[in-house]
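Visitor:
Numbering (the numbering used here), first residue to last: 2 to 181.
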């Protein structure tokens, strides 16, 4: 692994794809602010990723095809996740958002095991617009549970009614409350 000139962008020298066979627990160093696009694409040996609170963006296809990852926690510092960042992570079951960030519609495409997204903040998740959009539908398996703080559930109800004039959004994605 290497850093860009300003030591804020994580780069990988060469392809990581299938080079390392044993499971890896990747800890991205504190101070990295951006995870460059496609840097870990196809690295099937990644078992877990720890993203520090210094990271503000995860670029396109950064972890595409990392089939060993089963959960990911996005720190509150992350402001933007580009499309495909975690697509084709076929073992990914749970995503935890500790802050509000913009999430492009294909971020979790082709993640058939994804069963639960946990939102740990009171604001309406920015991706929820795409989840409810019929033209730009957010790509998640039908029935994915989106767990939001109990005191934020009314925002999701309002949002669904605005888009569909009913609670379709909440039913399709099983938006459920949890206690903080």
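Beta carbons are placed, not taken as given, at the ideal position from N, Cα and C, and that holds for glycine.
Treat the numbers as computed from the prediction; the structure is a model and nothing was measured.
Residues in its own chain within less than 6 Å of residue 39 by CB, not counting five upstream and five downstream?
Guide: The residues are 62.
Visitor: Let's test the definition: count the other Cβ atoms within 10 Å of the Cβ of residue 86 and tell me whether it reaches 16, buried, or not, exposed.
Guide: Flag for residue 86 reads buried.
Visitor: Work out the CA separation of residue 37 and residue 89 for me, nearest whole Å.
Guide: Approximately 18 Å between the Cα atoms of the pair.
Visitor: Just how far apart, CA to CA, sit residue 28 and residue 64?
Guide: Those two C-alpha atoms are separated by around 14 Å.
Visitor: Measuring CA to CA, which of 104, 145 and 101 is closest to residue 112?
Guide: Per the Cα distances, 145.
Visitor: Are the beta-carbon atoms of residue 47 and residue 75 separated by less than 8 Å?
Guide: In this structure, residue 75 does not lie closer than 8 Å to residue 47 by Cβ.
Visitor: At the level of alpha carbons, what is the spacing between residue 154 and residue 180?
Guide: Rounded to whole angstroms, residue 154 to residue 180 spans 11 Å at the Cα level.
Visitor: Among the residues of its own chain, which have a CB less than 6 Å from the CB of residue 178, if the five just before and after it don't count?
Guide: Closer than 6 Å at Cβ, skipping near neighbours: 151 and 154.
Visitor: Between which residues of its own chain and residue 119 is the CB-CB distance below 6 Å, once the five residues before and five after are set aside?
Guide: Same-chain partners within the cutoff: 97 and 148.
Visitor: Just how far apart, CA to CA, sit residue 135 and residue 115?
Guide: Note that residue 135 scores 41 on pLDDT, short of 50, meaning its location in the model is unreliable and no value can be drawn from it.
Visitor: Can you give me the C-alpha to C-alpha distance between residue 108 and residue 66, rounded to a whole angstrom?
Guide: If you take the alpha carbons of residue 108 and residue 66, they lie about 12 Å apart.
Visitor: Are residue 50 and residue 82 closer than 8 Å when you measure CB to CB?
Guide: Cβ atoms of residue 50 and residue 82: not closer than 8 Å.
Visitor: So the candidates are 110, 160 and 101; which of them puts its Cα closest to the Cα of residue 122?
Guide: Checked all of 110, 160 and 101; the closest Cα to residue 122 is 101.
Visitor: Considering only the beta carbon of each residue, do residue 91 and residue 117 sit closer than 8 Å?
Guide: Result no, Cβ atoms of residue 91 and residue 117 do not sit closer than 8 Å.
Visitor: Determine which residues share a DSSP beta bridge with residue 95 and list them.
Guide: Answer is 72 and 117, bridged to residue 95.
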